[in-house]
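Chemist:
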Amino acid sequence: MSTISLNILEKISDYEWEIPQDFRSDMRVPVRLFASRRLIEEALNDKSIEQAVNASTLPGLVGAVMVMPDMHQGYGFPIGGVAATDLKNGVISPGGIGYDINCGVRLLASRISLAEVEPWIKDLATLLNQNVPSGVGVGSDLRLSVDELAEACVLGSRWAKRNGYATEEDLLHTEENGCLSGAKPEKLSKRALQRGTSQLGTLGAGNHFIEVDIITEIFDPIAAQTMGLHKDDIAVQIHTGSRGFGHQICTDYVRRFQSAIQKYGIKLPDKQLVCAPIDSPEGQDYLGAMRCGANFAFINRQLLANKVRMTFERVLAGKVDDWHLKLVYDLAHNIGKFENHLVDGQKREVCIHRKGATRAFGPHSEGIPVDYKEIGQPVLVPGSMGTSSWVLTGTKISMERSFGSSCHGAGRVMSRSQAKREVWGEDLLKRLEKSGIDIRAGSMPGLAEEAPEAYKDVDQVVESVVGAGIAKKVARLNPLIVIKG
Amino acid sequence: MKFHGFEEVEHTADLAIRVWAADFYALLIHAALGMYDLMGAQYNPNIPILQTFELTNASQAEVLVDFLNELLFLVEESNQIFDQFQFVDENARLRIELTGYKLSSINRHIKAVTFHNLEISEGSKGLETTITFDV
Numbered sequence: 112m113s114t115i116s117l118n119i120l121e122k123i124s125d126y127e128w129e130i131p132q133d134f135r136s137d138m139r140v141p142v143r144l145f146a147s148r149r150l151i152e153e154a155l156n157d158k159s160i161e162q163a164v165n166a167s168t169l170p171g172l173v174g175a176v177m178v179m180p181d182m183h184q185g186y187g188f189p190i191g192g193v194a195a196t197d198l199k200n201g202v203i204s205p206g207g208i209g210y211d212i213n214c215g216v217r218l219l220a221s222r223i224s225l226a227e228v229e230p231w232i233k234d235l236a237t238l239l240n241q242n243v244p245s246g247v248g249v250g251s252d253l254r255l256s257v258d259e260l261a262e263a264c265v266l267g268s269r270w271a272k273r274n275g276y277a278t279e280e281d282l283l284h285t286e287e288n289g290c291l292s293g294a295k296p297e298k299l300s301k302r303a304l305q306r307g308t309s310q311l312g313t314l315g316a317g318n319h320f321i322e323v324d325i326i327t328e329i330f331d332p333i334a335a336q337t338m339g340l341h342k343d344d345i346a347v348q349i350h351t352g353s354r355g356f357g358h359q360i361c362t363d364y365v366r367r368f369q370s371a372i373q374k375y376g377i378k379l380p381d382k383q384l385v386c387a388p389i390d391s392p393e394g395q396d397y398l399g400a401m402r403c404g405a406n407f408a409f410i411n412r413q414l415l416a417n418k419v420r421m422t423f424e425r426v427l428a429g430k431v432d433d434w435h436l437k438l439v440y441d442l443a444h445n446i447g448k449f450e451n452h453l454v455d456g457q458k459r460e461v462c463i464h465r466k467g468a469t470r471a472f473g474p475h476s477e478g479i480p481v482d483y484k485e486i487g488q489p490v491l492v493p494g495s496m497g498t499s500s501w502v503l504t505g506t507k508i509s510m511e512r513s514f515g516s517s518c519h520g521a522g523r524v525m526s527r528s529q530a531k532r533e534v535w536g537e538d539l540l541k542r543l544e545k546s547g548i549d550i551r552a553g554s555m556p557g558l559a560e561e562a563p564e565a566y567k568d569v570d571q572v573v574e575s576v577v578g579a580g581i582a583k584k585v586a587r588l589n590p591l592i593v594i595k596g
Numbered sequence: 010m011k012f013h014g015f016e017e018v019e020h021t022a023d024l025a026i027r028v029w030a031a032d033f034y035a036l037l038i039h040a041a042l043g044m045y046d047l048m049g050a051q052y053n054p055n056i057p058i059l060q061t062f063e064l065t066n067a068s069q070a071e072v073l074v075d076f077l078n079e080l081l082f083l084v085e086e087s088n089q090i091f092d093q094f095q096f097v098d099e100n101a102r103l104r105i106e107l108t109g110y111k112l113s114s115i116n117r118h119i120k121a122v123t124f125h126n127l128e129i130s131e132g133s134k135g136l137e138t139t140i141t142f143d144v
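Sequence lines, in order, name chains A and B.
For the first sequence, my numbering gives the first residue as 112, with consecutive numbering after it.
For the second sequence, my numbering gives the first residue as 10, with consecutive numbering after it.
Below, the structure is given as structure tokens:
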């Protein structure tokens, strides 16, 4: 068994490292890690790098398996992993996308200053907490029929617009305009459909949140101005995904692919890496179902944004000059998509798996909003509760080095049980409130699991992607209100 | 000291339990109880529930994952948890008869049961395995 250590890494730069393909005999491509030496050393404490090496054994990979600096141990793929497969000879792996299909983040900007909102912070927190269905087992106030859900899965955010939950500008500022084409509701199980009918417009629990932030620093004034981000103004982040609907889709296909790998003679080091050739009935069925989950998640975040907007109006209308929230961007960090990338100097369409990694397309890339053409795509990096979040942009280098991808957050460093042993939820709540953050949480043990000390230092993560050149700093945000399920 | 047949194992992002039992059906039961324990499930003993479902008889790992996913679904959709399990092997199908209660609360949501490094092996305590849950 090959041992993973710092010695096996070839240093390309201070923030880019590579594990050569000959490190383990079953590797099909190298593994490229974007991280500082310190973050790499931290990652060696769990199995994230070993999982990246395992992922490099998938058939039909192109380039290298990439790992972002917020990497941590997942199941099968590491969280923070990016892998591209060839459309003809490659595979699609549900584990390379995750159970929470299209888990992602959206950022809304405002022209509300901190001074204006300060007297209403408590009211805003209370009403957001009341209006947003969140927490374990909490369903939506919206119930869809199976036919309505199937239609929503095909239309994505256009379904939200048609039903009055979204504007055209919202769609233009959503990755893929809020809709992956090729969604096939007929490839969903009855159970997936059943779970989806009552969960659209819910936040969920765990690390999902709604956060009201203050923009504390601007690093790129032109990009910030273009996105509508202004120092000392309020912004809102929404982090959630496809809920039980997406979980069921992944569960169904991970199960089905257990036999698919035998059918296609695919040998893997971990059963959770199961996959099927893209150009196979099983692969095509999963793609059709997974795209339904992705479109569901785009709608979910849009519906939550609608609830946040209504809450802002109710609390702040008549009290501040302009209470409106403009969508800066909505992006996925658990997804599989066909994208054009440079492979060995040639532009090719490949299947990109991003598991805990964010698309980070540079200036003038295809598929980014027209108004962001000159600055590149916004990259949203939420921090851990109580620490900064970041707005970055994709770069020309990210297109060349990382399949147009960057980090997605701080990344866990402590297990949930360790966090609960070391942090008492009530103490954490008091500590965060003392630092000026209004926290509304569904459960104190759940809050403890998400304590800032359970995560890496997000600033170091950002320094790594910026140091590697795969993202550029735009703005720093600090939390004022955190709503957690 | 109460014998549980499971213990939590450290995992950075998700949750994992090591489970052991004398035979496969007992392993399923211990895995179910371990999963409920991770969720912090509390129930109302005044509302007993009977439930039945069937699984396709496949490999032990596949049956284990299917069984736990079915229980997760019953938690999410019907607020039901169970503490007694009867297994009836009907060749191609495994019928499971369950007795339990209406759930009153859970502290933590589990999204799914994974196949991550899932091997069921014979050890000093009978059958042993480690199950990773996505949370």
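Where a beta carbon is used, it is the ideal one built from N, C-alpha and C, also for glycine.
These figures come from a predicted structure and were not determined experimentally.
1) Got a sec: is the Cβ-Cβ distance from residue 126 of chain B to anything in chain A below 7 Å?
2) Compare the C-alpha of residue 616 of chain A against each of A:133, A:128, A:421, A:205 and name the closest.
3) What separation, rounded to the nearest whole angstrom, lies between the Cα atoms of residue 200 of chain A and residue 166 of chain A?
4) Which residues mark the beginning and the end of the alpha helix (DSSP H) in which residue 46 of chain B is found?
5) Could you give the distance in angstroms between the alpha-carbon of residue 198 of chain A and the alpha-carbon of residue 565 of chain A?
6) Rounded to a whole number of angstroms, what is the C-alpha to C-alpha distance between residue 362 of chain A and residue 512 of chain A?
7) So for residue 139 of chain A, helix, strand or coil by DSSP?
8) 7 Å is my cut-off, CB to CB: does residue 123 of chain B come that close to chain A?
9) Measure the C-alpha to C-alpha separation of residue 127 of chain B and residue 35 of chain B and round it to an integer number of angstroms.
10) Could you spell out the range, first to last residue, of the alpha helix (DSSP H) harbouring residue 356 of chain A?
11) Along chain A, which residues have their Cβ under 8 Å away from the Cβ of residue 27 of chain B?
12) In chain order, what residues of the region 244 to 267 of chain A put their CB closer than 9 Å to some CB of chain B?
13) For the beta strand (DSSP E) containing residue 140 of chain B, name the first residue and the last one.
14) Can you tell me whether DSSP reads residue 264 of chain A as helix, strand or coil?
15) Should the region 343 to 355 of chain A be called in touch with the region 307 to 316 of chain A, which here means at least 3 C-beta pairs below 8 Å?
16) Just to confirm, is the Cβ distance from residue 529 of chain A to residue 21 of chain B under 7 Å?
17) What is the rounded straight-line gap between the Cα of residue 134 of chain A and the Cα of residue 477 of chain A?
18) Whose Cβ in chain B lies nearer than 8 Å to the Cβ of residue 556 of chain A?
19) Name the DSSP bridge partner or partners of residue 108 of chain B?
20) For a contact defined as C-beta to C-beta under 8 Å, what are the partners of residue 144 of chain B on chain A?
21) Kindly say whether residue 111 of chain B, judged by its beta-carbon, lies nearer than 7 Å to any beta-carbon of chain A.
22) Step through the CB atoms of chain A and report whether any lies within less than 7 Å of the CB of residue 227 of chain B.
23) Curious, which full-length alpha helix (DSSP H) runs of at least 4 residues does the region 154 to 198 of chain A contain?
24) Can a CB atom of chain B be found closer than 7 Å to the CB of residue 157 of chain A?
25) Hey, residue 294 of chain A and residue 249 of chain A: beta-carbon distance below 7 Å or not?
26) What span of residues does the alpha helix (DSSP H) with residue 307 of chain A cover, start to end?
27) Does DSSP put residue 277 of chain A in a helix, in a strand, or in coil?
28) Name the two residues that bound the continuous alpha helix (DSSP H) containing residue 395 of chain A.
29) Note down, in chain order, all residues in the region 504 to 532 of chain A with a beta-carbon under 9 Å from any beta-carbon belonging to chain B.
30) So, residue 490 of chain A versus residue 582 of chain A, is the Cβ gap smaller than 7 Å?
31) By the 10 Å Cβ neighbour count, where 16 or more other Cβ atoms means buried, how is residue 481 of chain A classified, buried or exposed?
32) Residue 78 of chain B touches chain A at which residues, Cβ-Cβ below 7 Å?
33) Relative to the C-alpha of residue 494 of chain A, which candidate in A:593, A:251, A:186, A:232 has its C-alpha closest?
34) Looking at residue 445 of chain A: is its Cβ nearer than 7 Å to the Cβ of residue 290 of chain A?
35) Between residue 120 of chain B and chain A, is any beta-carbon pair separated by less than 7 Å?
36) Please report the residue range of the alpha helix (DSSP H) in which residue 512 of chain A lies.
Modeler: Short version:
1) Chain A contact via Cβ: present.
2) Here chain A covers residues 112 to 596 and nothing more, so residue 616 of chain A does not appear.
3) A straight line joining the alpha-carbon of residue 200 of chain A with that of residue 166 of chain A spans about 16 Å.
4) Counting along the chain, residue 46 of chain B sits inside the alpha helix (DSSP H) bounded by residues 33 to 48.
5) Going by the C-alpha atoms only, they are around 38 Å apart.
6) A direct Cα-to-Cα measurement between residue 362 of chain A and residue 512 of chain A gives close to 32 Å.
7) Correct three-state label for residue 139 of chain A: coil.
8) Residue 123 of chain B counts as touching chain A.
9) Taking the straight line from one Cα to the other gives about 17 Å.
10) Boundaries of the alpha helix (DSSP H) around residue 356 of chain A: 354 to 374.
11) Simply none; closest approach about 13 Å.
12) For the region 244 to 267 of chain A, which is checked against every Cβ of chain B, the residues closer than 9 Å are 246, 247, 248.
13) Bounds of the beta strand (DSSP E) holding residue 140 of chain B are 135 to 143.
14) Helix, per DSSP.
15) Yes, the region 343 to 355 of chain A touches the region 307 to 316 of chain A.
16) No, Cβ-Cβ distance for residue 529 of chain A and residue 21 of chain B is not below 7 Å.
17) Rounded to the nearest whole angstrom, the CA to CA distance from residue 134 of chain A to residue 477 of chain A is 36 Å.
18) For the C-beta of residue 556 of chain A, the chain B residues within less than 8 Å are, from N- to C-terminus, 49, 116, 117.
19) Partner residues in the beta bridge of residue 108 of chain B, as assigned by DSSP, are B:59, B:93.
20) 317, 527, listed in chain order.
21) Cβ-Cβ to chain A under 7 Å: no for residue 111 of chain B.
22) This structure cannot speak to residue 227 of chain B, because chain B is shown only from 10 to 144.
23) The region 154 to 198 of chain A contains these whole alpha helix (DSSP H) runs: 159 to 166.
24) Judged by the 7 Å Cβ criterion, residue 157 of chain A is in contact with chain B.
25) In this structure, residue 249 of chain A does not lie closer than 7 Å to residue 294 of chain A by Cβ.
26) From DSSP, the alpha helix (DSSP H) with residue 307 of chain A extends over 301 to 307.
27) The DSSP-derived three-state label of residue 277 of chain A is coil.
28) Residue range 392 to 427 is occupied by the alpha helix (DSSP H) that includes residue 395 of chain A.
29) The region 504 to 532 of chain A vs chain B, Cβ under 9 Å: 522, 523, 524, 525, 526, 527, 528, 529.
30) Their beta carbons are under 7 Å apart, which means residue 490 of chain A touches residue 582 of chain A by this criterion.
31) With fewer than 16 other beta carbons inside 10 angstroms of its own, residue 481 of chain A counts as exposed.
32) Those are 362, listed as they occur along chain A.
33) Distance from the Cα of residue 494 of chain A is smallest, within the candidate group A:593, A:251, A:186, A:232, for A:593.
34) Their beta carbons are not under 7 Å apart, which means residue 445 of chain A does not touch residue 290 of chain A by this criterion.
35) Taking Cβ atoms only, chain A reaches closer than 7 Å to residue 120 of chain B, which makes this a yes.
36) Residues 507 to 512.
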